[in-house]
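Okay, structure first, notes after.
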Amino acid sequence: MSQIAADYRLDGALLGPVLAQLDAHIDLYLGRGLVSAGCVTSLAMQGDRLQLGLSYPYPCSGVQAETAGQLATALTRLPAIKSVDCEFSFVVPKTSADRQGTLAKVAHIIAVASGKGGVGKSTTAVNLALALAVEGARVGILDADIYGPSIPLMLGIADFKPQSDDGVHMNPARAHGICAQSIGFIINEEQAAVWRGPMAAGALVQLINETAWPELDYLVVDMPPGTGDIQLTLSQKVAVSGAVVVTTPQDIALLDAKKGVNLFQKVNIPVLGIVENMSYHLCPACGHKEHPFGAHGGDKIAQRYGVPMLGALPLNIRIREGMDVGQPSVVAEPSGELAAIYREIARKVGAQLALSHSQSGVSISLSDDE
Ligand SMILES: Nc1ncnc2c1ncn2[C@@H]1O[C@H](COP(=O)(O)OP(=O)(O)OP(=O)(O)O)[C@@H](O)[C@H]1O
6 MSQIAADYRL DGALLGPVLA QLDAHIDLYL GRGLVSAGCV TSLAMQGDRL
56 QLGLSYPYPC SGVQAETAGQ LATALTRLPA IKSVDCEFSF VVPKTSADRQ
106 GTLAKVAHII AVASGKGGVG KSTTAVNLAL ALAVEGARVG ILDADIYGPS
156 IPLMLGIADF KPQSDDGVHM NPARAHGICA QSIGFIINEE QAAVWRGPMA
206 AGALVQLINE TAWPELDYLV VDMPPGTGDI QLTLSQKVAV SGAVVVTTPQ
256 DIALLDAKKG VNLFQKVNIP VLGIVENMSY HLCPACGHKE HPFGAHGGDK
306 IAQRYGVPML GALPLNIRIR EGMDVGQPSV VAEPSGELAA IYREIARKVG
356 AQLALSHSQS GVSISLSDDE
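The following block contains the structure:
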């Protein structure tokens, strides 16, 4: 899966056992051993230290320390190895999409969609974008939610007015390490409310194309709520690489989420998974977990449609309060449990995207330097 040529400089007697140990380490997000997943890009010995280069097709800085520890434990069982230096890198998988103009610098476009409004789609899109960035990717977000563009407020950039250097393309805003563009920077809600399907889709495609996006690994698009023509046209016109469907556990929201999954599957856009928002409530007094809207709805959809369940967020006042003041959970409490859930979702999204766009395996060069 890696697009880097591997460079293995170990003698034959050591190479086999080292590769065996590395392949016995199953990457949780790719579901394969590190060698078969193409993550092992370099191996060399310096004295009794193994220098190990790992290249991941998804951003994963949050689990690198743990992975390095586990690999060191496994590899130092081999008598020749006393310690291991791990070097991690992230190389975004190539895409087959032929994007033109300002989107040519964007590797992958991730649509965040929901069957109905108010389920927390924008909240999820913003935190997912920030979590991908914290995990090590270059990220942008496009607020395409014409009926309620909330991302400027959520990122604390409500007063931003896009400027242009070349008189043609608008520069996106920057906030919390990601860049952002919103339909809300350009038009007001009354104007948007009267747009019908084709007009809205056309305006959104124009907005996305007329933004001077920098080099990005992922552009997260907060889609308008619903699963109709606007969503379909937009997804196809900008060659969406994969979709995340957000739902709440109520039956009505789940029914709409199914429509969302169906829509993307029908047009061959990989559904990267389901996020169940407001999934459970933790009693702040006693820590008791309750499911006021029913349990496991997202799981059932995921199983039925053969798509991953990416994660479940609690109904938690801190999520809303952070959003209201431009401090989403991932940046407000970076080491908190909510940030941890979003970061886990981000790693899964990146890995699913890599799996669904996986290229041919790694090419290996071997030499007996040691
Ligand atoms: N898990 C959560 N716990 C508490 N509040 C939440 C949670 N998720 C979202 N909210 C709050 O619910 C409200 C709706 O969220 P959001 O705007 O993200 O929904 P949406 O699906 O994008 O809505 P729309 O489609 O109407 O724009 C916001 O006030 C948000 O802060």
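Under this note's numbering, read the sequence shown as residues 6 to 375, first letter to last.
For each residue, glycine too, the CB sits at the ideal point set by N, CA and C.
Among the options, which one has its Cα closest to the Cα of residue i?
i	options	result
THR128	ASN282, GLN105, ALA290	ASN282
PRO2	ALA290, ASP304, HIS286, CYS291	Nothing about residue 2 can be read from this structure; the chain reaches only from 6 to 375.
GLY207	GLY299, GLN75, GLN236, VAL312	GLN236
ILE213	PRO275, ALA109, GLU140	ALA109
MET159	ASP53, SER334, GLY36	SER334
GLY21	LEU59, LEU83, GLN75	LEU83
TRP218	TYR152, GLN186, CYS91	GLN186
ALA49	TYR347, LEU59, GLY341	LEU59
ALA258	GLU349, ILE306, PHE269, CYS288	ILE306
LEU260	GLY302, ALA10, GLY292	GLY302
ASP171	GLU215, ASN132, VAL210, LEU209	GLU215
SER240	GLN255, PRO203, CYS288, SER155	PRO203
VAL124	HIS362, CYS288, LYS353, ILE324	ILE324
ILE86	GLY327, THR100, LYS99, GLN56	GLN56
GLY331	GLY38, ARG37, CYS44, ASN132	ASN132
CYS288	ASP16, ILE322, LYS271, THR72	ILE322
PHE190	PHE165, GLY327, LEU268	PHE165
TYR152	TRP200, ALA178, ALA163, PRO177	TRP200
GLN211	ALA18, GLY43, SER284, GLN105	GLN105
PHE269	GLU195, GLY36, ALA102, ASP234	ASP234
THR238	ASP329, VAL266, ALA205, LYS264	ALA205
ASP329	LYS264, ILE192, VAL276, GLY161	GLY161
Starting from residue i, follow the beta strand (DSSP E) in both directions and report where the run begins and ends.
i	result
GLN51	45-51
LEU259	It is not in any beta strand (DSSP E) - LEU259 instead sits in the alpha helix (DSSP H) that spans 256-271.
SER187	183-187
GLY278	276-281
VAL225	221-227
SER361	Element bounds for SER361: not the beta strand (DSSP E) but the alpha helix (DSSP H), 342-361.
ARG82	Premise fails: ARG82 is in no beta strand (DSSP E) and is neither H nor E.
ILE213	Here ILE213 belongs to no beta strand (DSSP E); instead the alpha helix (DSSP H) covers 202-214.
MET90	Before going on, a small fix: residue 90 reads as Asp here, not Met. It spans 88-95 - the beta strand (DSSP E) in which ASP90 sits, taken as one unbroken run.
GLY316	314-317
ASP12	11-14
From what residue to what residue does the alpha helix (DSSP H) around residue i run?
i	result
ARG325	322-329
MET175	No alpha helix (DSSP H) holds MET175; DSSP gives it neither H nor E.
GLN56	Run containing GLN56: none in the alpha helix (DSSP H); it sits in the beta strand (DSSP E), 54-61.
THR252	Premise fails: THR252 lies in the beta strand (DSSP E), 247-252, not in any alpha helix (DSSP H).
GLY302	302-310
ALA25	17-29
VAL336	334-337
LYS242	234-242
Is the separation between the beta-carbon of residue i and that of residue j shorter than 7 Å?
i	j	result
ASP148	ILE188	yes
VAL68	LEU221	no
TYR34	ALA142	no
ILE146	VAL243	no
GLY262	GLY120	The residue you asked about is not Gly; residue 262 is Ala in the sequence shown. In contact: ALA262 and GLY120 (Cβ atoms closer than 7 Å).
VAL245	ILE279	no
ILE346	LEU318	yes
LEU137	ALA351	yes
VAL40	ASP28	yes
VAL144	ALA134	yes
GLU107	HIS30	In the sequence as presented, Glu is not what sits at residue 107; that position holds Thr. Contact flag unset, no.
THR100	HIS362	yes
ASP12	SER47	yes
ALA70	CYS91	no
GLY316	PRO254	no
PRO157	ALA163	yes
ARG54	SER88	yes
Touch test, the region 246-259 against the region 115-126, Cβ-Cβ under 8 Å, three pairs minimum: yes
Three-pair Cβ contact test at 8 Å for the region 230-240 versus the region 173-182: no
Measuring CB atoms only, is the region 310-325 touching the region 352-365, in the sense that at least three cross pairs come out at less than 8 Å? yes
Using 8 Å as the cut-off, can you tell me whether the region 92-100 makes contact with the region 48-64, which would need three or more C-beta pairs spanning the two stretches below that distance? yes
Would you say the region 74-82 touches the region 10-29, given that touching needs at least three Cβ pairs under 8 Å? yes
For the region 118-163, list the alpha helix (DSSP H) runs that are entirely contained and at least 4 residues long, ordered along the chain. 126-139, 156-159
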